[in-house]
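Trainee: Sharing a structure with you now.
There are 4 protein chains.
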Amino acid sequence: MQTKIGEAAARGRPRSETVRLAVLMAVDDLLVEEGYEAMTMKGIAERAGVGRQTVYRWWSTKAEILYEACVVDAGRDLAAGADDPGDLDAFRRRVAGFLASTDAGASYLALLAAAQLDPAVATLMRGGDPVRAAACEALRAAPGDDPDDIDDAVAALLGPLVYAALTGP
Amino acid sequence: MQTKIGEAAARGRPRSETVRLAVLMAVDDLLVEEGYEAMTMKGIAERAGVGRQTVYRWWSTKAEILYEACVVDAGRDLAAGADDPGDLDAFRRRVAGFLASTDAGASYLALLAAAQLDPAVATLMRGGDPVRAAACEALRAAPGDDPDDIDDAVAALLGPLVYAALTGP
Amino acid sequence: MQTKIGEAAARGRPRSETVRLAVLMAVDDLLVEEGYEAMTMKGIAERAGVGRQTVYRWWSTKAEILYEACVVDAGRDLAAGADDPGDLDAFRRRVAGFLASTDAGASYLALLAAAQLDPAVATLMRGGDPVRAAACEALRAAPGDDPDDIDDAVAALLGPLVYAALTGP
Amino acid sequence: MQTKIGEAAARGRPRSETVRLAVLMAVDDLLVEEGYEAMTMKGIAERAGVGRQTVYRWWSTKAEILYEACVVDAGRDLAAGADDPGDLDAFRRRVAGFLASTDAGASYLALLAAAQLDPAVATLMRGGDPVRAAACEALRAAPGDDPDDIDDAVAALLGPLVYAALTGP
DNA sequence: GGATAATCGAGACGGTACGTCTCGTCTTCCT
DNA sequence: AGGAAGACGAGACGTACCGTCTCGATTATCC
C-alpha cells in the first residue's frame, strides 16, 4: 500500500487505531460509571490500558476526548429516523430521546455543563455543537417563514428539552 | 432576658458573622474573576483572609458556599419588581436580566452546570432551586388553566431563557 | 479563711488543685499509652476533662507538664531506699530500677530524648535534671577522692545505665 | 547483553540519583540549621528543590531519610582511622569525636532520641545501629576474655560517651 | 537490511489542591 | 477571676492528580 500523492510521507510508527478506540470507549464507560467530575486523565488511561503520555499526545483534556466520542455517535443517534425533514415535533421527540437515553446524549449534556464552568471547554463547544447544528437544519427544512433571529428560534426549540434533561432525574 | 426559653445556651465562642460574609463575598468575586472550575477551597479561604479549616467547618464544598451566596441574592434580584403577579412576559424579562446581568445569576448558572457534573451538587440543587421556585409561583399566579404537568410548564417557561444564557456569549 | 499577712491578696477564683492533678495524671497515662510523640496538648486536655486554654494558662508545652509530673515522683522513687549514702552500687541498682520500672523513669527518658530534639526542652532540663542531681550527691557521699571532673564522673556512673535504658527493649 | 539474567527489566523512568542525594543533603543541612523537631517533610522537599510526593515515594518519615543519610557517613567517619583493631581507647576517642564533631554523629544522636519518642523510629534503629555494630566489632577484636553479656559490655563502652554527648553542650 | 523516526507502556519528576490535624489565641457564657 | 467550650488564623500532614520527562520496546518508512 502506498501513500496518497501529495501527502507528506508518514515516517515512524503510525498511530494505533486500537488505542484511539480504547480511549474513546473508556471515556464513555467512565462517564456513566463515575460522572464527569470524578473522571480523570489518569483514570481514563488506566481504564483504556494505555500509557498516560499516549493520551496526552492526542488529546489535551478529558473534555476533548469526550467531545470526540460524542460527535461520532451524535450524528448517528440524532439523524437516525430522518423521517420527515419538515416535522419539528418528530425532531423534538428524537432530541428528547437522544438526551435522555443515549450515552452520547449524556456526554453532550456533560460537555454543555462543562463549557459553562471552564472557558477552554466553552471554546471547544462554540464551534461545533452537533445538537445545535441538527436543530438549525431542522428549522431550515420546516415549513413556515424563516425566523428573524436564528438563536432565538433554536433556544425556543431546544431550550425546553435541554432544561428538562438538565434538571430531570 | 439572656437566652430564649427552650434554646440551648450557646457555649463557646459564637460563629463570626464577619467570616461568613467574607467567605460569601470571596466566592462571588472569584467566580467572576476566575470561573467556577478554577475556583478552589484554598483560594476562597485566602481571598477571604480566613483559615482553611474555618471554611470547611461551615461548608463542605465550593458548591455549597456558592449556593448560599446565590439564594440570598436570588430572592432579592428575582422578586424585585414583582410588578404584576400575573404577567408572565414581565417574569420572563426579569429572569433573563437576572441570568444575564447579575452575579447571583452567574452563580445560579454555574450551580446548574455543576449539578450536571457532580452528583453531590445535584442533590444540593434538587431541593431548593430558587429560580424554579419563582417560576412555579409565577405560573400559579398567571391567569389561565393550571397546566397538567408542572414540570413541563416550567421547562417551557424557563428552558429557552436558561438555554440562551448557557450557550450565549 | 484569710490570706497570709505580707502576701498580696489573691483576688478572684484561686487555681484549682483538682485541675492541676488531673492534667499531671493525664500526661502520665498518655505517655504510657501512646508515647511522647503521639501525645498532644489537645489530647491531654481532653483526657484530663479540662479546657484547652486552662492547660495553656499554666504550662507552655507538653514537656513542661511532663517535667512537673516527673520531678515530683523522681525524688520519691529515686531516694526511696536511701540505704547507705556511700554505696555507689546500691545507687546504681536504684537508678536502673527507676529507669526501667517506674512511670517517672519513663517520663525522664522521654524528656532526656526530647531535650536532644528540641532546644526549648533542652533549656528546661539543663537546670534541673533530678537524676543528675541525685548522682552528684551520691558521688559526693561516696568514699574516695573527689574526681577532677564532675561531668566525667557522672557520665561514667549514669552513662551505662541510661544507655541501656535507651536502647533496651 | 542488555539486562542481567534473572533481573526484571527496569521499566519506566529510572529513579534519579540526583534527587536522592539532594534530599539526603537537605536533611543533613536542616538538622544542623533548625534541629530535628523543627524539620518537616515539606521543608526537606523545598530545601532539596524536589516535589513532596517524590520524597514520600522513597521514604515514609524524616527519620528514615536521616537514617539513610547517617549510615552512609557513619561507616566512613567511624571506621576511618582503624589504627589498631584491639585498642579500645582509640575506639573511644574515635566515637567521641564522631558524636561531637560530625554531621553524621549529630544525626545519630537525633535518631537515638527520636527512637525513644516514636516506636516507628525505634523499629528502624533496632536492626541497624551503626555505632553499636562498630562497638561490637571493636570488642571482639580487643584482647581479653569475651564478656558474658555483650549488651552490658556495649553499654559500658558506649554509655559514658553517648551520655556525655546527649547532656553536653 | 540497516538507519531513522514516531508510537507505545511504564513510571519518576516538580507542582498544587485536597481534606484533616494540631497548634496557640481568641471570645463567649457559666461558676 | 477561673474554667469549659469552641471558633479562629496558621500551617504541616499524607494523598491524588496534574502535565512533563525519560526510559526500553515496538513498528513503520526510507535509503
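Chains as they are written, first to last, in my numbering: chain A, -13 to 155; chain B, -13 to 155; chain C, -13 to 155; chain D, -13 to 155.
A virtual CB, placed ideally from N, CA and C, is assigned to each residue, including glycine.
Predicted model, so just to flag it, every value in this text is computed and none were measured.
Rounded to whole angstroms, what is the Cα-Cα separation between A142 (chain C) and T153 (chain D)?
Mentor: 13 Å
Trainee: Assign P116 (chain A) to one of three DSSP states: helix, strand, or coil.
Mentor: helix
Trainee: By how many angstroms is the C-alpha of R80 (chain D) removed from the C-alpha of D75 (chain C)?
Mentor: 29 Å
Trainee: Using only the alpha-carbon positions, how far apart do P116 (chain D) and A121 (chain C) sit?
Mentor: Their backbone Cα atoms lie some 30 Å apart in a straight line.
Trainee: Give the interface partners of G21 (chain B) over in chain A, defined as CB-CB distance under 8 Å, in chain order.
Mentor: L103, D104 and P105
Trainee: Label Q(-12) (chain A) either buried or exposed according to how many other C-beta atoms from any shown protein chain fall within 10 Å of its C-beta, with 16 as the threshold for buried.
Mentor: Confidence in Q(-12) (chain A) is poor, its pLDDT being 43 and thus under 50, which makes the residue's placement too unreliable to answer from.
Trainee: Alpha carbon to alpha carbon, how far is S87 (chain D) from G21 (chain D)? Give it in angstroms, no decimals.
Mentor: So the alpha carbons of these two residues sit roughly 16 Å apart.
Trainee: What does L144 (chain A) touch in chain B if you count any residue whose Cβ is under 7 Å from its own?
Mentor: Y149
Trainee: Spell out whether any CB of chain B is found under 8 Å from the CB atom of A121 (chain A).
Mentor: no
Trainee: So which of D:R118, D:A34, D:R(-1) and D:D14 has the shortest CA-CA distance to A8 (chain D)?
Mentor: D:A34
Trainee: Do we get a CB-CB distance below 8 Å when we pair L175 (chain A) with the residues of chain B?
Mentor: In this structure chain A extends from -13 to 155, so residue 175 (chain A) is not present and cannot be described.
Trainee: Measuring CA to CA, which of B:M11, B:L17 and B:L95 is closest to A118 (chain B)?
Mentor: The amino acid at residue 118 (chain B) is misidentified as Ala; the sequence shows Arg. Checked all of B:M11, B:L17 and B:L95; the closest Cα to R118 (chain B) is B:L95.
Trainee: Any contact of the region 102 to 114 of chain B with the region 44 to 62 of chain B, i.e. 3+ C-beta pairs under 8 Å?
Mentor: yes
Trainee: So M11 (chain A) is in the alpha helix (DSSP H); what residue range does that whole segment cover?
Mentor: In this chain, the alpha helix (DSSP H) harbouring M11 (chain A) covers E3 to E20.
Trainee: Can you list, in chain order, the residues of its chain whose CB lies under 7 Å from that of G72 (chain B), leaving out five sequence neighbours each side?
Mentor: A127, A128 and P129
Trainee: Does any heavy atom of the ligand FMN sit closer than 7 Å to the C-beta of L95 (chain D)?
Mentor: Of the ligands one can find in the structure shown there are none, so the ligand FMN has no counterpart to examine.
Trainee: Which same chain residues, not among the five before or five after M111 (chain A), have their C-beta less than 8 Å away from its C-beta?
Mentor: Y53, L97, L98 and A101
Trainee: To which residues of the same chain is D70 (chain A) closer than 8 Å at the C-beta, ignoring the five residues directly before and after it?
Mentor: A76
Trainee: What does A141 (chain A) reach in chain B if we use C-beta pairs closer than 7 Å?
Mentor: P146, Y149 and A150
Trainee: Can you name, in chain order, every residue of its own chain whose Cβ lies under 7 Å from the Cβ of G156 (chain D), other than the five neighbours on each side?
Mentor: Absent from the structure is residue 156 (chain D), since the part of chain D shown begins at -13 and ends at 155.
Trainee: From C:M11, C:S46 and C:E23, pick the residue whose C-alpha is nearest to that of E158 (chain C); which is it?
Mentor: No statement about residue 158 (chain C) is possible, as the shown extent of chain C runs from -13 to 155 and does not include it.
Trainee: I believe V58 (chain A) touches G114 (chain A) by the beta-carbon criterion, under 8 Å. Please report the beta-carbon distance rounded to the nearest angstrom.
Mentor: Contact doesn't hold; Cβ gap of about 12 Å is too wide.
Trainee: Let me confirm a value: S46 (chain C) is counted as buried when at least 16 other C-beta atoms fall within 10 Å, else exposed. Which label applies?
Mentor: exposed
Trainee: Can you list the alpha helix (DSSP H) stretches of 4 or more residues lying completely in the region 36 to 112 of chain C, in chain order?
Mentor: Positions of the alpha helix (DSSP H) runs, each at least 4 residues long and wholly inside the region 36 to 112 of chain C, are given as 38 to 44, 48 to 64, 74 to 87 and 89 to 103 in order along the chain.
Trainee: For I136 (chain D), I'd like the list of residues in its chain whose CB is within less than 6 Å of its CB, leaving aside the five on either flank, ordered along the chain.
Mentor: none
Trainee: Can you tell me which of the three DSSP states D160 (chain B) falls into?
Mentor: Because chain B in this structure spans residues -13 to 155, residue 160 (chain B) falls outside the shown range and cannot be described.
Trainee: Please tell me whether P146 (chain D) and G145 (chain C) are closer than 8 Å, where the distance is taken between their beta carbons.
Mentor: Result yes, Cβ atoms of P146 (chain D) and G145 (chain C) sit closer than 8 Å.
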